[in-house]
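Below is one structure, written out as structure tokens, with a few remarks after it.
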Amino acid sequence: MRTTLLADMYQSAGPFASVTVDVSQDTQSGAHEHEIRVRDACRELLEAGAYEAVVAAVADRLRADVGEPAPVARTVVANPEGVLFDRVVHTRVSRPRVSWGPLPDISAWIEAEDGATPFVLALVDHEGGDVGVYSSDVPEPVVETSPGGETWHVHKVPSGGWSQMRYQRVTENVWRRNAEAVAEEVLSRVRSGPRLVLLAGDPHAVGEVRKGLEGTPAEVVHLQTGTRAEDGGVEARQQAIREALFDHAVARRTELAQTLEDRLGRHEAVAVDVDEVADAFVRGQVDTLLLDPEAAAERTLRPRDHPGLMLGEFPVLKEVPADRALIAAAALTGADVAVERAEALGGRPVAALLRWDQPAEGTGTR
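Listed below in structure tokens is the structure:
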């Protein structure tokens, strides 16, 4: 997952209050249980030394209705200036995760967010399309638009006559402009993060839209599931979407695992374990941080052992959990983060795929 949206938070001054709590209210006593969870989390923050004003800001945000279906968990990070981060994910959290310290604790959110797949779904025909941005965890779109819509001579004239070719050219131009409008909308959504685009609808219209998506960094998949307006094909389309999401997730994990294995085998452009990855961050080498959040949280990192390690706007002087430090470093250097289990990382809590290789000085090796 991309970390660019996190950079502003890490450029703020600590200390930070961080809370991840289940905010589902899908049972008869859901509202009461939610209030108890919020109170427990806030009491834990106060016991850890958090300022009362910061705790109050966190509590207000956690009590606000998220307006999304259960299961849903909320992560809130605040400092003395106010709430800096507020995101929800669709997962269950068995007990609140609470911290007060020099760095935010968002590992639980990272793990849940990385497990979801953001994607763009475009249902298209010659009149335009319906373009929605979705998460694999939620059936409803985060945002949806209907670009195109030009209908002048949208259907070809079947009869002959001297004007037939002119009408046909006008019709094809309308089709092309509508397809270009859909493609432009899809590209604008891809720029916000999704790396998967699913196209469904009229095959000719889909083909025209695909032309406009050439060169996009996202994977583009054509779903063979009927037309844009076909109500009877909804279930088939949903199944095709599920299969495409599964294939995309498997391919992504497989590619990461294979890349890591290949680089470890060549001892090239890879860093392993906490200290080596931290040093790679100092040199600006890290392209993707591979992290087991639970295992990394059990390790610590001493910033003074890694001069130049960027963890925020202000220096972090004391020892901190490794997961928080390395996520901060990733956000501040533009590195991606991917969640992997320690078993896939050779038994280590973290590894990193590097932008370039750098031999150790005086050895001729990494």
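Each residue of the sequence shown is one higher than the one before, starting from 217 at the first, in my numbering. Yeah, the Cβ is synthetic: ideal placement off N, Cα and C, and Gly gets one too.
- Query: In its own chain, which residues sit with a C-beta less than 7 Å from the C-beta of aspartate 495, not counting the 5 before and 5 after it?
  - Reply: Position 279 of the sequence shown, counting from 1, holds the residue named residue 495. Non-local C-beta neighbours of aspartate 495 in its own chain, meaning closer than 7 Å and more than five positions away in sequence, comprise His522, ordered along the chain.
- Message: Less than 9 Å between the beta carbons of leucine 536 and leucine 300, yes or no?
- Response: The sequence position of residue 536 within the sequence shown is 320, counting from 1. The sequence position of residue 300 within the sequence shown is 84, counting from 1. The amino acid at residue 536 is misidentified as leucine; the sequence shows valine. Contact: no.
- Item | Three-state secondary structure (DSSP) of threonine 581 | Counting from one through the sequence shown, the residue named residue 581 turns up at place 365. A caution first: threonine 581 carries a pLDDT of 42, below 50, which makes its placement in the model unreliable, though a value can still be read off. Looking at threonine 581 - three-state DSSP - the assignment turns out to be coil, as it is neither helix nor strand.
- Task: Kindly confirm or deny that the region 455 to 467 and the region 400 to 415 touch, where touching means at least three C-beta pairs closer than 8 Å.
- Result: Flag = yes, the region 455 to 467 and the region 400 to 415 touch.
- Query: Run through DSSP, which three-state label would glutamate 529 get?
  - Reply: Taking the first residue of the sequence shown as 1, we reach residue 529 at position 313. Glutamate 529 falls in the coil class under three-state DSSP.
- Query: Which residue comes first and which comes last in the beta strand (DSSP E) that contains threonine 504?
  - Reply: Your numbering for residue 504 matches position 288 in the sequence shown. Per DSSP, threonine 504 belongs to the beta strand (DSSP E) from 502 to 507.
- glutamate 329 classed as buried or exposed, judged by whether at least 16 other C-beta atoms fall within 10 angstroms: In the sequence shown, the residue the question calls residue 329 occupies position 113. Buried, because 16 or more other Cβ atoms sit within 10 Å of the Cβ of glutamate 329.
- Message: Could you tell me the alpha carbon to alpha carbon distance between glycine 500 and threonine 549, rounded to whole angstroms?
- Response: To locate residue 500, count along the sequence shown from 1; it is residue 284. To locate residue 549, count along the sequence shown from 1; it is residue 333. Those two C-alpha atoms are separated by around 7 Å.
- Which of helix, strand or coil does DSSP assign to valine 406? Position 190 of the sequence shown holds residue 406. Three-state DSSP puts valine 406 in a helix.
- Helix or strand or just coil, what does DSSP make of proline 419? Translated into the one-based positions of the sequence shown, residue 419 becomes position 203. DSSP places proline 419 in the helix class (H, G or I) of the three-state scheme.
- Message: If you measure between the beta carbons of valine 235 and valine 314, is that distance less than 9 Å?
- Response: Counted from its first residue, the sequence shown places residue 235 at position 19. Counted from its first residue, the sequence shown places residue 314 at position 98. Yes, the pair counts as a contact, with Cβ atoms nearer than the cut-off.
- Name the residue from Ala264, Ala434, Arg540, Val274 whose alpha carbon lies nearest to the alpha carbon of tyrosine 226. Numbered from 1 along the sequence shown, position 10 holds the residue referred to as residue 226. Ranking Ala264, Ala434, Arg540, Val274 by Cα distance to tyrosine 226 puts Arg540 first.
- Report buried or exposed for valine 254, applying the criterion of at least 16 other Cβ atoms within 10 angstroms of its Cβ. Mapped onto the sequence shown, residue 254 falls at position 38. Note on valine 254: 16 or more other CB atoms within 10 angstroms of its CB, so buried under the neighbour-count rule.
- Item | Distance, aspartate 321 Cα to valine 354 Cα | Locating residue 354 in the sequence shown gives position 138, where the first residue counts as 1. Locating residue 321 in the sequence shown gives position 105, where the first residue counts as 1. Cα atoms of valine 354 and aspartate 321: separation of roughly 25 Å, rounded to the nearest angstrom.
- Message: Among the candidates Leu476, Ala229, Leu262, Thr220, whose CA atom is the shortest distance from the CA of lysine 529?
- Response: Numbered from 1 along the sequence shown, position 313 holds the residue referred to as residue 529. Note that residue 529 is glutamate in the sequence shown, not lysine. Among Leu476, Ala229, Leu262, Thr220, the Cα nearest to that of glutamate 529 is on Ala229.
- Message: Please state the DSSP three-state secondary structure of aspartate 539.
- Response: Against the sequence shown, residue 539 aligns to sequence position 323. Look at aspartate 539 here: in three-state DSSP terms it is helix.
- Task: Would you check if the distance between the CB atom of valine 340 and the CB atom of aspartate 242 is smaller than 9 Å?
- Result: Along the sequence shown, read from residue 1 onward, the residue named residue 340 stands at position 124. Along the sequence shown, read from residue 1 onward, the residue named residue 242 stands at position 26. Cβ atoms of valine 340 and aspartate 242: not closer than 9 Å.
- Task: Within 10 angstroms of the Cβ of leucine 506, are there 16 or more other Cβ atoms? Answer buried if so, exposed if not.
- Result: Taking the sequence shown and counting its residues from 1, one reaches residue 506 at position 290. With 16 or more Cβ atoms within 10 Å of its Cβ, leucine 506 is classed as buried.
- At a cut of 8 Å, does the region 476 to 490 reach the region 553 to 563 through at least three beta carbon pairs? Short answer: they touch.
- Give the C-beta separation of threonine 504 and leucine 429 to the nearest angstrom, bearing in mind that I take them to be a contact with Cβ-Cβ under 8 Å. Here residue 504 refers to the residue found at position 288 when the sequence shown is read from its first residue. Here residue 429 refers to the residue found at position 213 when the sequence shown is read from its first residue. In this structure threonine 504 is not in contact with leucine 429, their Cβ atoms being roughly 24 Å apart against a cut-off of 8 Å.
- Message: Looking only at its chain, what residues have a beta carbon closer than 6 Å to the beta carbon of alanine 286, apart from the 5 residues adjacent to it on each side?
- Response: Here residue 286 is taken as the residue at index 70 of the sequence shown, counted from 1. Ser240, Asp242, listed in sequence order.
- Simplified DSSP state of tyrosine 267, which is helix, strand or coil: Numbered from its first residue, the sequence shown carries residue 267 at position 51. Tyrosine 267 falls in the coil class under three-state DSSP.
- Decide if aspartate 281 is buried, meaning its Cβ has at least 16 other Cβ atoms within 10 Å, or exposed. In the sequence shown, the residue the question calls residue 281 occupies position 65. Burial call: exposed.
- Task: Excluding the 5 residues preceding and the 5 following valine 309 in the sequence, name in chain order all residues of the same chain whose CB lies nearer than 8 Å to its CB.
- Result: Locating residue 309 in the sequence shown gives position 93, where the first residue counts as 1. Within the same chain, Cβ atoms closer than 8 Å to the Cβ of valine 309 are found at Thr236, Val237, Asp238, Ala289, Ala324, the five residues on either side in sequence being excluded.
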